[in-house]
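Participant: Numbering-wise, my numbering puts 109 at position 77 of the sequence shown, and it's gapless, one number per residue.
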Amino acid sequence: MGLALDVARRAAPTGDVPVGAVVLGPDGAVLGEGVNRREADGDPTAHAELLALQQAARRTGGWRLEGSTLVVTLEPCTMCAGALLLARVERLVLGAWDPKAGATGSVLDVVRDRRLPHRVEVVGGVRERECGDLLRAFFTDRRRSPADDPGVWTEGPPGE
């Protein structure tokens, strides 16, 4: 998670939300990294998770990332959760939960839906305070105080 946090901090110059993602191979080697680039690239799909998965696929020479782990500072959205399934990622390690748009255990749980042919193990809340603090600081600087929106990046999955 430390590397994902370092990657997330790279978003500052572009004005993108500071989310960082790292794909680790079965042996723990870094296969891909990604930071949000929606603002920088003008691309609604330039999420950290997708960019990390793309880099990992290029590095391995294939789209199947079986046995891999994606480490990300914020719970993935529906689009990114779908990409985890399609890439056959084995494990997701996430920092802060996203009670507004999270799709791996909070609002939705796409990656563990038994109707789908693949499921992803989810390990949540890893260094979640640090991950949440990075996001809160970004939005405090950009818009308003986190106290104005207490439901953003809470600690622990909803209902706990």
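Note that CB positions come from ideal geometry on N, CA and C, so glycine has one too.
Spatial neighbours of L37 within its chain, please: C-beta separation below 8 Å, excluding the five flanking residues on both sides.
Facilitator: Correct list, in chain order: G52, T105, G127, R159, E162, C163, L166.
Participant: Going by DSSP, what residues sit across from G47 in a beta bridge?
Facilitator: G47 is not bridged to any residue.
Participant: Could you tell me which residues DSSP puts in a beta bridge with G52?
Facilitator: The partner list for G52 (beta bridge, DSSP) reads V67.
Participant: Going by DSSP, name the residue or residues bridged to E81.
Facilitator: E81 is not bridged to any residue.
Participant: Tell whether a beta-carbon distance below 9 Å holds between L102 and R123.
Facilitator: Yes; because the gap between Cβ atoms is below 9 Å, this pair is in contact.
Participant: Tell me, to the nearest whole angstrom, how far the beta carbon of A72 is from that of C109; I am working on the premise that it is less than 8 Å.
Facilitator: A72 to C109, Cβ: 18 Å. No contact.
Participant: Measure the C-alpha to C-alpha separation of A80 and V39 and round it to an integer number of angstroms.
Facilitator: So the two alpha carbons sit approximately 9 Å from each other.
Participant: Answer yes or no: do R42 and G64 have a C-beta to C-beta separation smaller than 9 Å?
Facilitator: No, Cβ-Cβ distance for R42 and G64 is not below 9 Å.
Participant: Just reading off the beta strand (DSSP E) that G127 is part of, what are its end residues?
Facilitator: 123-128 is the extent of the beta strand (DSSP E) around G127.
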